[in-house]
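Numbering (the UniProt record's numbering), first residue to last: 1 to 266. Presented below is the structure to which this report refers.
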């Protein structure tokens with residue numbers, strides 16, 4: 001009986017884990033806090049497989065076996081059967097009785113991570129992670145030309161593109177243009193500025209690194225606040241890139257708080 005209960009517990013954990021994966025991938029966009037959008041089909045497939053395996057295991061665990069306890073002892077004398085039953089009962093009252101109840105109780109602790117996913121799904125990486133990453137992200141090769149910026153109003157631009165144009169655009173296409181950047185707030189150690197930030201990932205949150213633009217001229221909102229900040233690029237005054245981490249600067253003219261986007265990473 002203890003073995004059956006253990007198998008039931010294991011398969012219930014599989015089912016709940018599959019439900020948790022499907023909940024964050026098939027029925028919501030929570031999975032975007034951890035991986036890129038292209039992983040959604042794989043997550044849905046993995047969740048479905050876990051549920052199928054768990055259900056199949058439950059059916060197998062509760063299916064009557066070929067040999068039942070009553071079948072043992074056919075063809076033996078009553079005295080022999082009674083003696084063996086007494087010995088089995090004596091062993092069950094001793095060492096085996098505790099394991100029949102203690103094993104499944106410990107196994108249920110495996111459900112705690114599943115409950116955590118359902119009840120307190122971890123959010124996307126924010127200012128805490130961004131503030132502790134002082135290593136500059138890998139720079140791409142310098143581009144000889146960027147697409148010209150069209151229109152007269154503010155240009156909505158990813159932070160990664162703004163950084164690329166600020167450092168690598170020989171034509172300095174950002175000069176005099178008003179841009180709008182969306183990201184979360186990260187405090188700066190320097191007075192009079194803060195960072196509008198977006199984390200960039202190649203695969204999942206484990207390889208994320210921050211893309212930061214220093215904002216000047218606007219008071220910093222609370223950390224981790226998602227904002228749209230409008231302003232103009234402050235051209236660098238140095239002729240050669242100095243050592244260390246250097247972030248492009250934006251002279252802010254307007255600020256608006258926004259909701260956290262469904263896809264928080266670039």
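A virtual CB, placed ideally from N, CA and C, is assigned to each residue, including glycine.
Environment of residue i [buried if 16+ CB atoms lie within 10 Å]
i           : result
residue 11  : buried
residue 45  : exposed
residue 299 : Residue 299 lies beyond the stretch modelled for the chain, which goes from 1 to 266, so this question has no answer here.
residue 28  : exposed
residue 229 : buried
residue 184 : buried
residue 151 : exposed
residue 13  : buried
residue 193 : buried
residue 165 : buried
residue 101 : In this predicted model, residue 101 has a pLDDT of only 47, less than 50, meaning its place in the structure is not dependable; the value taken from the coordinates is given anyway. Looking at its Cβ environment, which holds fewer than 16 other Cβ atoms inside 10 Å, residue 101 is exposed.
residue 75  : Because residue 75 carries a pLDDT of 45, less than 50, the predicted location of this residue cannot be relied on, and the following value inherits that uncertainty. Answer is exposed; the Cβ neighbour count stays below 16.
Beta carbon of residue i nearer than 8 Å to that of residue j
i           : j           : result
residue 225 : residue 257 : yes
residue 181 : residue 213 : yes
residue 187 : residue 197 : no
residue 34  : residue 205 : yes
residue 163 : residue 248 : yes
residue 266 : residue 148 : no
Boundaries (first-last residue) of the beta strand (DSSP E) holding residue i
i           : result
residue 157 : Unbroken run through residue 157: none, as it is neither H nor E.
residue 234 : 226-234
residue 254 : 249-257
residue 187 : 178-187
residue 197 : 193-200
residue 211 : 209-216
Limits of the alpha helix (DSSP H) - the one that residue i falls within
i          : result
residue 47 : 40-62
Pick from the options that is closest to residue i, judged by C-alpha positions
i           : options            : result
residue 18  : 52, 184, 37        : 52
residue 8   : 196, 200, 55, 37   : 55
residue 126 : 157, 208, 168      : 208
residue 246 : 234, 254, 252, 253 : 234
residue 47  : 23, 228, 38        : 23
residue 251 : 227, 31, 216, 259  : 216
residue 253 : 42, 146, 199, 227  : 227
residue 260 : 32, 26, 38, 20     : 32
residue 200 : 36, 172, 25        : 36
residue 43  : 129, 166, 20       : 20
residue 61  : 38, 168, 6         : 6
residue 231 : 168, 155, 167, 262 : 155
residue 172 : 236, 50, 49        : 236
Spatial neighbours of residue i in its chain, beta-carbon cut-off 8 Å, leaving aside the 5 residues before and after
i           : result
residue 153 : 178
residue 129 : 199, 208, 210
residue 255 : 218, 221, 227, 228, 229, 230
residue 50  : 14, 15, 17, 18, 21
Own chain, CB closer than 6 Å to residue i, minus 5 neighbours either side, in chain order
i           : result
residue 264 : 124
residue 136 : Because residue 136 carries a pLDDT of 49, less than 50, the predicted location of this residue cannot be relied on, and the following value inherits that uncertainty. Here the set comprises 245.
residue 169 : 146
residue 131 : 186
residue 25  : 31, 40, 43, 44
Cβ-based neighbour list, residue i, same chain, cut-off 7 Å, excluding 5 preceding and 5 following
i           : result
residue 92  : In this prediction, residue 92 scores a pLDDT of 48, lower than 50, which makes its location untrustworthy; the coordinate-derived value is nonetheless stated afterwards. Answer for residue 92: no residue qualifies.
residue 58  : 8, 11
residue 160 : 200, 211, 266
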